[in-house]
Amino acid sequence: FPLLSSSDPQLAALLVDEEHRQRDKIRLIASENYVSGAVREACASVITNQYSEGYPGARYYEGQQIVDQVERLAIDRAKALFGAEHVNVQPHSGSPANLAVYLAFLKPGDTVLAMQLAHGGHLTHGSKASITGKHWNVVHYGLDPQTRRLDTTAIRELALQHRPKLLIAGHSAYPRLLDFAAFRAIADEVGALLMVDMAHFAGLVAGGAHPSPVPYADVVTTTTHKSLRGPRGAMILCRAEHAAKIDKAVFPGLQGGPHNAITAAIAATLNEALRPEFATYAAQCVTNARALADELMSNGFELVTGGTDNHLILIDLRNKGIGGKPLAAALDRAGLVTNYNAAPWDDQPPQNPSGLRLGSPSMTTRGFGETEFRQIARWLARVVDSGLDESVITTVAAETGALCRRFPLP
Ligand code: PLP
Numbered sequence: 012f013p014l015l016s017s018s019d020p021q022l023a024a025l026l027v028d029e030e031h032r033q034r035d036k037i038r039l040i041a042s043e044n045y046v047s048g049a050v051r052e053a054c055a056s057v058i059t060n061q062y063s064e065g066y067p068g069a070r071y072y073e074g075q076q077i078v079d080q081v082e083r084l085a086i087d088r089a090k091a092l093f094g095a096e097h098v099n100v101q102p103h104s105g106s107p108a109n110l111a112v113y114l115a116f117l118k119p120g121d122t123v124l125a126m127q128l129a130h131g132g133h134l135t136h137g138s139k140a141s142i143t144g145k146h147w148n149v150v151h152y153g154l155d156p157q158t159r160r161l162d163t164t165a166i167r168e169l170a171l172q173h174r175p176k177l178l179i180a181g182h183s184a185y186p187r188l189l190d191f192a193a194f195r196a197i198a199d200e201v202g203a204l205l206m207v208d209m210a211h212f213a214g215l216v217a218g219g220a221h222p223s224p225v226p227y228a229d230v231v232t233t234t235t236h237k238s239l240r241g242p243r244g245a246m247i248l249c250r251a252e253h254a255a256k257i258d259k260a261v262f263p264g265l266q267g268g269p270h271n272a273i274t275a276a277i278a279a280t281l282n283e284a285l286r287p288e289f290a291t292y293a294a295q296c297v298t299n300a301r302a303l304a305d306e307l308m309s310n311g312f313e314l315v316t317g318g319t320d321n322h323l324i325l326i327d328l329r330n331k332g333i334g335g336k337p338l339a340a341a342l343d344r345a346g347l348v349t350n351y352n353a354a355p356w357d358d359q360p361p362q363n364p365s366g367l368r369l370g371s372p373s374m375t376t377r378g379f380g381e382t383e384f385r386q387i388a389r390w391l392a393r394v395v396d397s398g399l400d401e402s403v404i405t406t407v408a409a410e411t412g413a414l415c416r417r418f419p420l421p
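Encoded structure:
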């Protein structure tokens, strides 16, 4: 950071430290990734200097000759990548994107049916802590107690009972594929709109490693910064008939000016995701997550649903007698960055739940394959089986650091 180092050495030093942290540790947070240098260049470009309230060709400011082309590029690439009829690339992040869908289609108090947070849903799917759970009547479906998988028969029964206006599919911590055709059939039977929040698995959809919700859903929301490997932002994909409502909900309904540098970076991300190499990446994310899951189970870990079909894994630690929070902290010291997470039917509080969530997108970008992901499982087992012994943690930290040095930052 040559300029920042001279003008603000304190901040520059922090950013260098963060770069080293990302370089020197094995990052396993399922919602994170490493963006390319090209995407970072777009994020840092001068287009950030500009205000652009409105949409291409219909702005409230002059000087939009270039930014209109940038936003159209992002939209056209998203349409091509996902086969969507209409795309809005302006939501500042995933939560406002989801809120825009509520705003577009619902009145306060209307009924929504969505996956509960404690079973893998997202806050914006109607948690009481979120505006979505305060302003709308959200009924939740969860996992089947036996299989710990989603059961669309039970979801249908809830839909028939509560007649939601909006049915939401999508998750932050569910390691299996979703049956979008079944969700569509339920929505049609009760006259609901179907929204799919593919924030977590959008990169897998883009690369053909996960079924696409686009042919089934009225609206699809996604963040751009998880498996899709872009900047922190979001998109809403929808059928042409909903375009005007969605656009109005985003601006002026919820936001002012779009973050133009992010729009440019989303365009750069989509350009990368349209390339054949991205399909290889998406497939490798799934292969790596499966290898990690397999090796964890061989080492006595219990996984929610007994494995994974996507990029993420949820460990239920109850058979290990250790809390998610102290384990995540110990693993971070060992160079393995994870997050604690509620396990379904958790008897522990959210501040120290019984689950640990792991994901493959970041280290797959770094070039890790199945061998490295199996090694990660063995390190995890060593730390857990030692009872979080500091000398074991120090030894593992040296080994994780050495592995990271073999896989430079992109
Ligand atoms: N939707 C899902 C499924 C998510 O997992 C997340 C973030 O974790 C979001 C929405 C919200 O995204 P953001 O954190 O960008 O608001």
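Sequential numbering from 12 applies to the sequence shown in UniProt numbering. Glycine included, every Cβ here is placed at the ideal spot set by N, Cα and C.
Not one heavy atom of the ligand PLP is found less than 7 Å from the C-beta of Asp35. Burial state of Gln21 is exposed, judged by a 10 Å Cβ sphere holding fewer than 16 other Cβ atoms.
Judged by beta-carbon spacing, Leu338 lies within the 8 Å limit of Leu367, meaning their Cβ atoms are closer than that value.
DSSP, reduced to helix, strand and coil, places Met308 within a helical segment of the structure shown. A heavy atom of the ligand PLP is found nearer than 7 Å to the CB of Ser42. The shortest C-alpha to C-alpha distance from Asn109 to any of Gln80, Thr59, Val231 and Thr158 is the one to Val231.
Check the Cα spacing between Glu43 and each of Cys54, Trp147, Leu285 and Ser183: the tightest is with Ser183.
Counting every other CB atom within 10 Å of its CB across the protein chains shown gives Glu288 a total below 16, marking it as exposed. If you compare the alpha carbons of Asp19, Tyr66, Ala55 and Ser106 with that of Lys259, the shortest gap goes to Tyr66. In its chain, beyond the 5 residues on either side, Arg70, Tyr71, Tyr72, Phe262, Gly267 and Gly268 have a beta carbon closer than 7 Å to the beta carbon of Glu64. Listed in chain order, the beta strand (DSSP E) runs fully inside the segment 104–178 are 122–126 and 148–152, counting runs of at least 3 residues.
For Gln80, the number of other beta carbons within 10 angstroms of its own is below 16, and it is reported as exposed.
Taking one beta carbon from each stretch, the segment 149–167 and the segment 110–127 have 3 or more pairs nearer than 8 Å; the two touch. Under the three-state reduction of DSSP, Asn44 is assigned to coil, being neither helix nor strand. If you look at Val230, you'll find it in the beta strand (DSSP E) that goes Val230 to Thr234.
The Cβ atoms of Ala302 and Leu215 lie no closer than 8 Å to each other. For Thr135, the shortest separation between its Cβ and any heavy atom of the ligand PLP lies below 7 Å.
For Gly137, the CB contacts under 7 Å within the same chain, skipping 5 residues up- and downstream, are Val123, Ala125, Thr143, Gly144, Trp147, Val149 and His151 in chain order. Among the bridge pairs identified by DSSP, Glu73 is matched with none. With a cut-off of 8 Å on Cβ pairs, the segment 244–256 is not in contact with the segment 327–345, counting fewer than three such pairs. With respect to Gln61, Val50 sits apart: the two C-beta atoms are not nearer than 8 Å. In this structure, Arg32 sits away from Cys415, with a CB-CB distance that is not shorter than 8 Å.
By the Cβ neighbour-count rule, Lys139 is exposed, with fewer than 16 other Cβ atoms within 10 Å of its own. When distances are taken from the beta-carbon of Asn109 to the heavy atoms of the ligand PLP, the shortest one is below 7 Å. Proximity of the beta carbon of Ala341 to the ligand PLP is not indicated: no heavy atom of the ligand is located closer than 7 Å. When only Cα atoms are considered, Gly317 and Thr234 end up about 27 Å apart.
Between the segment 238–254 and the segment 270–290, the count of C-beta pairs closer than 8 Å reaches three or more; the two stretches touch.
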